[in-house]
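The next block holds one structure in the form of structure tokens; read it before the comments.
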Amino acid sequence: MNYFVDENGYYGEFGGAYIPEMLYPNVEELRLKYVQIMQEPSFQKEFQSLLKEYVGRPTPLYFAKRLSEKSNTKIYLKREDLCHTGAHKVNNTIGQILMAKRLGKNRIIAETGAGQHGVATATVCALMGLECIVYMGEIDIARQAPNVARMKMLGATVVPALSGSRTLKDATNEAIRDWINNPVDTHYIIGSVVGPHPYPDMVARFQSVISEEMKWQLKEKEGKENPDYVIACVGGGSNAAGAFYHYLDEESVQLIAVEAAGLGVNSGESAATSVLGNEGIIHGSKTLLMQTKDGQITEPYSISAGLDYPGVGPLHAHLCKSKRAEFISITDAEAMQAGLDLCKLEGIIPAIESSHALAVFNSKTFKENDVVVLNLSGRGDKDLDTYIKYFKL
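See the structure below:
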């Protein structure tokens with residue numbers, strides 16, 4: 035079984051580029067050039083330098099002693115929350131802004147849900163002196179106000195998406211419309227492993243630095259490169275793609291993807307695509323998608339703004355269908371409690387997205403000697419208001 039993208043942009047039966055004719059030149063230019071540009075020594079030198087000196091990589095692989103004792107297993111946290119801007123998102127935006135410059139694009143657009151990708155995009159645009167427009171759902175703008183303020187301070191224009199559920203899906207729709215209208219000077223920095231080929235593969239490659247570091251860090255700490263489990267939350271799925279990437283062909287490493295069950299998988303207020311989704315096309319790729327019998331997209335729900343996407347990236351759809359990864363659905367209540375537990379056990383306030391992954395330790399039993407790496411994808415600063423209201427702090 036092959037878990038990497040093929041020459042036609044597919045992971046198994048998922049992927050491809052289902053795009054309007056007006057977008058074809060943009061996507062095709064990227065498809066023809068992205069691997070070649072990424073492999074250029076000058077690109078790699080600049081990319082690696084910025085990851086080290088600007089982002090703060092490598093991020094620590096931290097042995098969570100008290101959490102491990104509580105769960106009776108060996109838990110390491112990959113501390114992506116310590117990246118500049120507060121999440122893994124900046125790994126990808128650094129890569130894509132360098133790609134955009136080499137393609138001669140001087141106007142950058144992006145979509146964002148939780149705001150972390152928007153902040154990461156605004157950050158690299160400020161770094162490179164490029165115009166930045168970020169589309170964000172009106173509801174997400176309200177619940178992620180600190181990140182909206184950060185984007186504006188960094189010089190970005192934040193445009194509210196007022197249609198549909200006014201969340202991530204709708205922000206993505208607006209960004210695609212913008213790209214159609216501005217094909218010559220604009221590069222669209224997609225924030226996850228979604229969208230038409232080559233985006234899922236390109237984003238996964240930029241994020242693969244996560245598992246690349248995990249391998250040598252585990253070698254130092256455990257005397258072996260491979261853990262027994264890698265756990266990551268999945269909305270679109272970029273942090274999971276990065277954490278899984280160098281282990282995809284290592285069948286001894288069990289991969290766990292954690293989705294948002296919202297108020298319950300069958301409550302009608304959920305984002306558990308692996309359970310509720312069917313094959314469909316969204317934002318330019320064929321994947322697993324929550325939809326009605328007549329093909330209308332079902333509105334997702336999660337307390338986490340970064341996980342309420344109605345689909346998953348095509349790589350994750352393939353990992354799910356092939357059973358290479360185990361998909362677990364975690365409710366709002368389970369995630370919020372797991373986040374609070376980490377605060378009190380380890381002194382780390384996680385993003386609510388990451389809290390979903392942490393909740394696995396309360397729903398699944400691991401062996402005492404298992405080495406489990408959990409990708410702590412972001413920090414909880416942006417979610418303090420949600421934590422405060424939920425726990426009445």
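As numbered in my numbering, residues 35 to 427 make up the sequence shown, in order. Yeah, the Cβ is synthetic: ideal placement off N, Cα and C, and Gly gets one too. This structure is a prediction, so every number in the text was calculated from the model and none was measured.
In DSSP terms, what residue i is bridged to
| i | result |
| --- | --- |
| residue 289 | 264, 359 |
| residue 413 | 384 |
| residue 168 | 144, 192 |
| residue 222 | 143 |
| residue 365 | 296 |
| residue 44 | 49 |
| residue 345 | 323 |
CB-CB length for residue i against residue j, believed under 8 Å
| i | j | result |
| --- | --- | --- |
| residue 141 | residue 165 | 5 Å |
| residue 200 | residue 173 | 5 Å |
| residue 318 | residue 53 | 5 Å |
| residue 293 | residue 361 | 6 Å |
| residue 383 | residue 412 | Incorrect: roughly 10 Å between the Cβ atoms, too far for contact. |
| residue 128 | residue 81 | 7 Å |
| residue 113 | residue 392 | With a Cβ gap of about 13 Å, residue 113 and residue 392 do not count as contacting. |
| residue 316 | residue 344 | 7 Å |
| residue 380 | residue 116 | Going by Cβ atoms, the distance from residue 380 to residue 116 rounds to 13 Å, so no, they are not a contact pair. |
Limits of the unbroken beta strand (DSSP E) element including residue i
| i | result |
| --- | --- |
| residue 144 | 141-146 |
| residue 194 | 191-195 |
| residue 323 | 319-323 |
| residue 153 | Note, residue 153: premise wrong, no beta strand (DSSP E); alpha helix (DSSP H) at 150-162. |
| residue 314 | 312-316 |
7 Å Cβ shell around residue i - same chain, five flanking residues per side excluded
| i | result |
| --- | --- |
| residue 417 | 385, 386 |
| residue 233 | 224 |
| residue 44 | 50 |
| residue 214 | 54, 56, 57 |
| residue 268 | 274, 291, 292, 293, 346, 350 |
N-terminal and C-terminal residue of the alpha helix (DSSP H) that residue i is part of
| i | result |
| --- | --- |
| residue 403 | Looking at the DSSP string, residue 403 is not in any alpha helix (DSSP H), and its letter there is neither H nor E. |
| residue 252 | 243-256 |
| residue 332 | Careful: residue 332 lies outside any alpha helix (DSSP H) and carries neither H nor E. |
| residue 135 | 123-136 |
| residue 203 | 202-215 |
| residue 182 | 179-187 |
| residue 425 | 418-425 |
| residue 278 | 272-278 |
Same chain, Cβ closer than 8 Å to residue i, neighbours up to 5 away in sequence not counted
| i | result |
| --- | --- |
| residue 299 | 306, 309, 310, 363 |
| residue 280 | 242, 245, 246, 248, 249 |
| residue 287 | 260, 261, 262, 263, 264, 281 |
| residue 37 | 45, 282, 283, 349, 352, 353, 356, 358 |
Other residues of its chain near residue i: CB distance less than 6 Å, five sequence neighbours each side excluded
| i | result |
| --- | --- |
| residue 156 | 166, 185, 188, 190 |
| residue 160 | 188, 189 |
| residue 68 | 232, 236 |
| residue 195 | 169, 171, 204, 205, 208 |
| residue 340 | 147, 148, 269, 387 |
| residue 211 | none |
Any C-beta of chain C under 8 Å from that of residue i
| i | result |
| --- | --- |
| residue 304 | Reference to chain C is not applicable here, since this structure consists of a single protein chain. |
| query | Where in the stretch 81-121 do unbroken runs of the alpha helix (DSSP H), each at least 4 residues long, occur, reported from the N-terminal end onward? | reply | 99-105
| message | Just to confirm the assignment: which complete beta strand (DSSP E) runs, minimum length 3, are found wholly within the stretch 48-79? | response | none
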